[in-house]
Amino acid sequence: MALRNLHLGAAGLLTLLLVTGAGYFSLRAGGWQAPPLLHSLRPDDPQVLRTGARIYAQQCTACHGAKGEGQPNWRERGPDGLLPAPPHDASGHTWHHPDEQLFAITKYGLAKLIKQPDYRTAMPIYDGMLSDDEIVTTLSWIKAQWPPEVRRRHDEINNEYRKSLAR
């Protein structure tokens, strides 16, 4: 039926809106869960962590440190105008971002994520250098280094992010 031939009238339109709204709220209240993230980290998978540790050592250690400690004065711009590499351990802000944002920053760069193409950073863009799976394994290894409380809080951030996508 073509949309131009659809004549609901006021009562029909009100009924349609009520049914649609009731369905929406019953899904929200009935235990409906947001879909899983496309790039969920797996910090409890030993095989993933072995691969992630190897890639982290090859690609990340030089700037972020062997234990994720980051560079000194990472919150202050250097003489080149760039921020030093932040820590990936519990003292940094990595865990403040959901998995999807961490993946996007790693693969496409912060400038693309924040939609500021002129933003400069020393962080390499790994699109074409690492596969999606390699990025996930590396980020999984980073998360596995966090204390349990930080990991739990990061899981909550992921849950809130998933809920925001479902709205």
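Residue 155 in the UniProt record's numbering sits at position 155 of the sequence shown, with consecutive numbering throughout.
Don't be surprised by glycine CBs; every beta carbon is placed ideally from N, CA and C.
This structure is a prediction, so every number in the text was calculated from the model and none was measured.
Quick check on residue i: buried or exposed, where buried means 16 or more other Cβ atoms within 10 Å of its Cβ?
i      : result
PRO147 : exposed
HIS88  : buried
TYR108 : exposed
GLY92  : buried
TYR56  : buried
GLU114 : Here residue 114 is Ile; the residue named in the question, Glu, does not match the sequence. Exposed, since its Cβ has fewer than 16 Cβ neighbours within 10 Å.
Can residue i and residue j be called in contact, C-beta distance under 9 Å?
i           : j      : result
ILE142      : GLY68  : yes
LEU82       : ALA144 : no
residue 213 : PRO84  : The structure shown does not extend to residue 213, since the chain is modelled only from 1 to 167, so the question has no answer here.
ALA90       : VAL150 : yes
Grab me the residues of residue i's own chain with a C-beta within less than 7 Å of its C-beta, minus the 5 sequence neighbours each way, in chain order.
i      : result
ALA53  : TRP141
ASP127 : LYS107 and TYR108
SER164 : none
VAL48  : ARG42, THR137 and SER140
Here's a check: name, in chain order, each residue in its chain whose Cβ is nearer than 8 Å to the Cβ of residue i, leaving out the five neighbours to either side.
i      : result
GLU100 : LEU37, LEU38, HIS39 and TYR161
Compute the beta-carbon to beta-carbon distance between residue i and residue j, rounded to the nearest angstrom, for a pair I have assumed lies under 8 Å.
i      : j      : result
TRP95  : ARG153 : 7 Å
GLN59  : THR137 : Not confirmed; about 11 Å, so no contact.
ILE135 : PHE103 : 6 Å
In chain order, what residues of the same chain lie with their CB nearer than 6 Å to the CB of residue i, ignoring the 5 residues before and after it?
i      : result
PRO86  : GLY70, TRP74 and GLY92
LEU130 : none
ASP44  : none
Would residue i count as contacting chain B if we go by Cβ distances under 9 Å?
i     : result
GLN47 : Among the chains of the structure shown, chain B does not appear; only one protein chain is present.
Can you list the alpha helix (DSSP H) stretches of 4 or more residues lying completely in the segment 102-133, in chain order? Within the segment 102-133, the complete alpha helix (DSSP H) runs of at least 4 residues are 110-113.
Start-end ranges of the alpha helix (DSSP H) lying completely within the UniProt region "Disordered" (66-96), minimum 4 residues: none
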